[in-house]
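Visitor: FYI, full-length UniProt numbering numbers position 27 of the sequence shown as 27, with every residue one higher than the one before it.
Don't be surprised by glycine CBs; every beta carbon is placed ideally from N, CA and C.
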Amino acid sequence: MLEIVNVSKTFGTTAAEVRALENVSLTVGEAQCCGIIGESGSGKSTLAYIAAGITVPDAGHVTLAGKRLNPRRVASRRRHQQQLHMIFQDPRSSFNPRMSIGESLSEPLQHKRRLGRAEQKELIATVLEEVGLTADLIHRGIDSVSVGQGQRVAIARAILAEPDLIICDEITSALDVTVQAEILDLLVQLRKKRHFSILFISHDIAVVAHLADRIAVMKHGHLIEEGPSQQIINEPAQAYTRLLIDLA
1 MLEIVNVSKT FGTTAAEVRA LENVSLTVGE AQCCGIIGES GSGKSTLAYI
51 AAGITVPDAG HVTLAGKRLN PRRVASRRRH QQQLHMIFQD PRSSFNPRMS
101 IGESLSEPLQ HKRRLGRAEQ KELIATVLEE VGLTADLIHR GIDSVSVGQG
151 QRVAIARAIL AEPDLIICDE ITSALDVTVQ AEILDLLVQL RKKRHFSILF
201 ISHDIAVVAH LADRIAVMKH GHLIEEGPSQ QIINEPAQAY TRLLIDLA
């Protein structure tokens, strides 16, 4: 499904450069969830942005559903991004505050389906119910709902886009423990039902272990350990991974 091959990325000038990623390779299988764990500055979000075609790597490449991304070509980047959807830590950052939630949720339908207004409204209501929200939210703005509700709206928009891959970048870090667990359970249920893949970015290995089939551990731009979730949690090969587990 998603293949990241020998990707490297450096930011800054020659005099003050920061090596965000160094020769990182990772595969996410079809309908699989891979969790990327690491502290701030580990390179995990940079990897997510490269996977999404937002950031251009200095070296290496990304392939999604058998099609290799050329991030410097608009057509290739557009095709790539039509096959995935990214959900961010703060849902408000990716929604237009001048638009109602209903208007925002109708946007992906313009590209995927030729539906009349009544059909769009019915589909949006169905998906909102699927993520645990009510249809009356369509008339409200994203700023009028809680962060937890906002993440459910963001998940609804992702579902409406019908992606092969959903990239989640720290989407539960601003939520309390109860709401966090509800969002994670929702993603587990939706993945089983809709068979999309997930690349899940987090600093909390306990969160990642809740839904990921595989876990990749990053430190200072390097992928230092990767494997089945239970193996990583129960038998970590790296002392750094053990530290993350102990801190969780």
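Let's see if you can read the secondary structure: which residues bound the alpha helix (DSSP H) around ASP185?
Guide: Within the sequence shown, residue 185 is the residue found at index 185, counting from 1. Start and end: 177-194.
Visitor: Can you tell me the Cβ-Cβ gap for PHE95 and ASP169, rounded? I've got them flagged as a contact below 8 Å.
Guide: Position 95 of the sequence shown, counted from the first residue, corresponds to residue 95. Position 169 of the sequence shown, counted from the first residue, corresponds to residue 169. With a Cβ gap of about 15 Å, PHE95 and ASP169 do not count as contacting.
Visitor: Could you round the C-beta distance between SER197 and MET1 to whole angstroms and report it? I think they count as a contact, below 8 Å.
Guide: As a working note, residue 197 is residue 197 in the sequence shown. As a working note, residue 1 is residue 1 in the sequence shown. Rounded to whole angstroms, the Cβ separation of SER197 and MET1 is 5 Å, and the two are in contact under 8 Å.
Visitor: Roughly how many angstroms lie between the CA atoms of ARG78 and LEU47, to the nearest whole one?
Guide: Within the sequence shown, residue 78 is the residue found at index 78, counting from 1. Within the sequence shown, residue 47 is the residue found at index 47, counting from 1. Approximately 18 Å between the Cα atoms of the pair.
Visitor: Comparing alpha-carbon positions, which option in GLY66, GLY38, VAL18 lies nearest GLU3?
Guide: Working through the sequence shown from its first residue, we reach residue 3 at position 3. When only C-alpha atoms are compared, the closest one is GLY66.
Visitor: In angstroms with no decimal places, state the Cα-to-Cα distance between GLN180 and ILE166.
Guide: Working through the sequence shown from its first residue, we reach residue 180 at position 180. Working through the sequence shown from its first residue, we reach residue 166 at position 166. Linking GLN180 to ILE166 through their CA atoms gives a straight-line distance of about 18 Å.
Visitor: Buried or exposed: LEU244, going by 16 or more other Cβ atoms within 10 Å of its Cβ?
Guide: Numbered from 1 along the sequence shown, position 244 holds the residue referred to as residue 244. Burial call: buried.
Visitor: Touching or not, the stretch 99-107 and the stretch 33-47, by the rule of three or more beta carbon pairs under 8 Å?
Guide: no
Visitor: Counting beta carbon pairs with one atom in the stretch 10-25 and one in the stretch 193-212, are three or more of them shorter than 8 Å?
Guide: Result no; under three Cβ-Cβ pairs closer than 8 Å.
Visitor: What first and last residue would you give for the alpha helix (DSSP H) that runs through ASN234?
Guide: Residue numbering aside, residue 234 sits at position 234 when the sequence shown is read from its first letter. Segment 229-234, the alpha helix (DSSP H) holding ASN234.
Visitor: For PHE200, does the count of other Cβ atoms within 10 angstroms reach 16, so buried, or fall short, so exposed?
Guide: Residue numbering aside, residue 200 sits at position 200 when the sequence shown is read from its first letter. That one is buried.
Visitor: Out of GLU235, PHE11, HIS220, state which residue places its alpha-carbon closest to the alpha-carbon of ASP58.
Guide: Position 58 of the sequence shown holds residue 58. Comparing Cα-Cα distances from ASP58 to each of GLU235, PHE11, HIS220, the minimum goes to PHE11.
Visitor: What is the DSSP secondary structure of ARG140, reduced to helix, strand or coil?
Guide: Position 140 of the sequence shown holds residue 140. Here ARG140 sits in coil by DSSP.
Visitor: With VAL217 and THR241 assumed to form a contact (beta carbons below 8 Å), what rounded beta-carbon distance in angstroms separates them?
Guide: In the sequence shown, counting from the first residue as 1, residue 217 sits at position 217. In the sequence shown, counting from the first residue as 1, residue 241 sits at position 241. Yes, VAL217 and THR241 are in contact; Cβ-Cβ is about 5 Å, under 8 Å.
Visitor: On the DSSP bridge list, what partners appear for ARG68?
Guide: If you number the sequence shown from 1, residue 68 lands on position 68. Answer by DSSP bridge pairing, in chain order: THR63.
Visitor: Roughly how many angstroms lie between the CA atoms of GLY116 and GLY132, to the nearest whole one?
Guide: Stepping through the sequence shown from its first residue, residue 116 is reached at position 116. Stepping through the sequence shown from its first residue, residue 132 is reached at position 132. Cα to Cα, GLY116 sits roughly 24 Å from GLY132.
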